[in-house]
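Here the structure comes first, spelled out in structure tokens, and everything after it is commentary.
Residue numbers (the working numbering): 532 to 951.
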């Protein structure tokens with residue numbers, strides 16, 4: 532049985548492959564193209580899937596396009612890069628220049644850096660589509676390289692108040708040439724570092740989103756498995772009870788059958804509202820167990836006695852639905868029912884050291900040798916449901932002897948139950 536449709540997972544994996552391929556060093560099509568729109572990879576035999584009723588929205592949406600336009604051009608990471616490069620560049624030029632102060636260098640370097648960042652950002656978004664043979668990152672590096680000489684010249688012209696900087700003498704001409712050379716030499720490397728940093732950050736976001744979606748799929752699979760196991764337990768008991776009523780009607784007439792139907796109604800009133808619940812409490816389980824034992828005592832009034840004691844501190848604690856009654860039904864079916872003299876069933880639930888301890892003991896015939904190594908469908912389902920609910924922190928143990936009957940014990944962490 533498939534726990535989750537494979538077709539619903541396949542499109543997500545293909546989209547991840549396409550996105551990550553263009554944003555890290557292992558691109559789709561063999562080219563490293565940060566900033567390019569993800570290519571669509573067709574999925575054969577793909578059918579539209581209905582949205583699940585209850586989903587957890589990941590912190591990163593794989594299908595949401597990255598921001599574009601001016602909001603991205605002036606995003607804080609780029610403003611921060613502009614500030615850092617401007618200050619460092621201005622400090623270096625101030626230390627290497629004898630005639631110009633820090634304020635002028637901040638203006639010159641700030642204007643040149645701003646134009647370089649602007650060229651980098653514009654080519655990151657436009658044109659939207661490029662030929663396959665034209666990597667976008669190459670264009671971005673070339674743009675930064677080519678914009679540095681005129682950008683530094685404009686910075687000089689702004690601080691000197693004239694566009695004819697070269698006519699002011701060799702001091703300003705040589706100063707501009709040195710500044711432009713520094714921009715041409717360092718600018719593309721800074722742009723390349725920004726590209727790699729952004730690509731790694733985006734890859735981490737995609738990986739986080741994939742893990743979030745995977746955990747959500749696993750949670751839904753576990754929930755589906757729990758509901759399947761619960762659905763297997765509930766009809767099993769109901770059909771057995773109806774068969775008992777049919778047998779009683781044939782043997783003793785309508786009066787006893789009516790009384791048994793009343794007990795069945797009591798049970799259904801306790802059980803049916805919780806059939807769709809993801810969790811129950813020991814108070815709910817106590818109601819169902821008492822109704823069930825009353826039904827069984829009507830079927831074999833001279834052979835069955837029972838006691839039920841649940842610690843008051845445990846009544847509000849979480850209990851997997853049908854867990855307690857599964858142990859009780861196992862005691863009736865394999866311990867009391869097969870014996871000629873019957874026996875008693877003792878149900879106890881206690882809380883100790885933040886753990887719930889469930890004990891169901893019967894004085895019946897005990898498990899037969901051929902079944903001693905088997906736990907039956909009910910107990911197997913119970914073990915699996917406890918494992919799904921509590922992991923390795925839950926235990927189920929069955930101990931049986933022919934002289935003393937059977938003792939079934941379950942232990943798991945004490946957790947507060949949800950609203951009734």
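By construction, the Cβ of each residue, glycine as well, lies at the ideal position given by its N, Cα and C atoms.
Note that the structure is a prediction, hence the values are computed from the model and not measured.
Tell me whether the beta-carbon of residue i lies closer than 7 angstroms to the beta-carbon of residue j.
i: residue 858; j: residue 820; result: no
i: residue 492; j: residue 827; result: Shown here, the chain extends from 532 to 951; a query on residue 492 therefore has no answer.
i: residue 814; j: residue 846; result: yes
i: residue 798; j: residue 822; result: yes
i: residue 642; j: residue 686; result: yes
i: residue 711; j: residue 683; result: yes
i: residue 690; j: residue 639; result: yes
i: residue 718; j: residue 647; result: yes
i: residue 617; j: residue 644; result: yes
i: residue 610; j: residue 650; result: no
i: residue 920; j: residue 851; result: yes
i: residue 661; j: residue 667; result: yes
i: residue 492; j: residue 916; result: The chain is shown only over 532 to 951; residue 492 falls outside these bounds and no answer can be derived.
Return the first residue and the last residue of the beta strand (DSSP E) that residue i is part of.
i: residue 835; result: 835 to 841
Along the alpha helix (DSSP H) that carries residue i, what are the first and last residues, could you check?
i: residue 826; result: 813 to 830
i: residue 885; result: Taken as a continuous stretch (DSSP letters only), residue 885 belongs to no alpha helix (DSSP H), as it is neither H nor E.
i: residue 649; result: 633 to 656
i: residue 677; result: 667 to 691
i: residue 621; result: 607 to 627
i: residue 856; result: 854 to 862
Pick from the options: whose alpha carbon is nearest that of residue i?
i: residue 885; options: 945, 778 and 771; result: 945
i: residue 502; options: 875, 880 and 850; result: In the structure as shown, the chain starts at 532 and stops at 951, and residue 502 therefore has no counterpart that could be examined.
i: residue 930; options: 865, 869, 870 and 916; result: 865
i: residue 877; options: 831, 841 and 618; result: 841
i: residue 936; options: 913, 897 and 911; result: 897
i: residue 849; options: 832, 817, 862 and 869; result: 817
i: residue 881; options: 947, 750, 928 and 843; result: 843
i: residue 708; options: 731, 681 and 839; result: 681
i: residue 753; options: 932, 922 and 947; result: 922
i: residue 947; options: 883, 811 and 873; result: 811
i: residue 953; options: 778, 695, 629 and 887; result: The chain is shown from 532 up to 951; residue 953 falls before or after that span and cannot be answered.
i: residue 619; options: 637, 861, 895 and 608; result: 637
i: residue 909; options: 883, 853 and 932; result: 853
i: residue 860; options: 872, 734, 895 and 730; result: 895
i: residue 726; options: 608, 863 and 912; result: 608
i: residue 703; options: 747, 750 and 629; result: 629
i: residue 932; options: 796, 862, 789 and 615; result: 862
i: residue 652; options: 605, 778, 614 and 695; result: 605
In the DSSP assignment, what are the bridge partners of residue i?
i: residue 944; result: 886
i: residue 932; result: 936
i: residue 916; result: None; residue 916 has no bridge partner.
i: residue 849; result: 812
i: residue 876; result: 837 and 893
i: residue 926; result: 942
Could you check whether the Cβ of residue i sits closer than 7 angstroms to any Cβ belonging to chain B?
i: residue 652; result: No chain B is part of this structure, which consists of one protein chain only.
Does the Cβ of residue i lie closer than 6 angstroms to at least one heavy atom of the ligand ATP?
i: residue 748; result: Among the components modelled here there is no ligand, and therefore nothing to report on the ligand ATP.
| said: With a threshold of 8 angstroms, are at least 3 pairs of Cβ atoms found where one atom belongs to the segment 711 to 727 and the other to the segment 670 to 684? | reply: In short, these stretches touch, since the Cβ pair count reaches three.
| Segment contact flag, the segment 630 to 637 with the segment 653 to 662, C-beta cutoff 8 angstroms, min 3 pairs | In this structure the segment 630 to 637 does not touch the segment 653 to 662; the number of beta carbon pairs closer than 8 angstroms is below three.
| query | With a cut-off of 8 angstroms, do at least 3 Cβ pairs link the segment 743 to 753 to the segment 681 to 699? | reply | No, the segment 743 to 753 is not in contact with the segment 681 to 699.
| query | Are there three or more Cβ pairs, one per stretch, closer than 8 angstroms when the segment 931 to 943 is compared with the segment 880 to 895? | reply | As far as the Cβ criterion goes, the segment 931 to 943 touches the segment 880 to 895, which means the pair count is three or higher.
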